[in-house]
Amino acid sequence: MTELTRERAWDTLNRYTASEALRRHALAVEGSTRAYARRFGEDEELWGVTALLHDFDYEIHPTLDRHPQDGAPLLRAEGYPEEVIEAILSHAEHLGLPRDTPLKRTLFACDELSGFVHACGLVRP
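For the working numbering, count along the sequence shown from 1 and bump the result up by 945.
In structure tokens, the structure reads:
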């Protein structure tokens, strides 16, 4: 496994994600997930990297039969740890995987809520 850093994750995200909207979404989920990592006394870098990468493959695998499961081998090939990959897989409801760690539960919640918060901001005058 290579070093787990935000810079490396940002590079990975940008290689697979051209959409500014998807990049902004990744940044929003990262910010809130990192805040919870600090609050819970968890590994902020691990949680932030996981959040930043949770939808990294969405542009190349935009359907439920491919995202995020077809992105997992790409992350493995790049040396990301299984903890990151398993959390990313668990954020997809259609896979039915357990959210049995604080990271998995937080990633799922922050992903869902970031879209809601963004939508609320768009309708405010």
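A virtual CB, placed ideally from N, CA and C, is assigned to each residue, including glycine. Predicted model only: the values in this text are computed from it and were never measured.
- In this structure, the alpha-carbon of Gly1016 lies about 38 Å from that of Pro1070.
- Non-local beta-carbon contacts of Glu990 in its own chain, meaning distances under 8 Å to residues more than five positions away in sequence, involve Leu949, Thr950 and Arg951 in chain order.
- Within the stretch 996-1052, there are no complete beta strand (DSSP E) runs of at least 3 residues.
- For the pair of segments examined, the stretch 1001-1013 was found not to touch the stretch 1044-1060: the number of CB pairs separated by less than 8 Å stays below three.
- Using a Cβ distance threshold of 8 Å, Leu1034 and Pro1013 count as a contacting pair.
- Tyr1025 has its alpha-carbon roughly 18 Å from the corresponding atom of Thr1046.
- If you check the CB distance, Leu1040 and Ile1030 do not come in under 8 Å.
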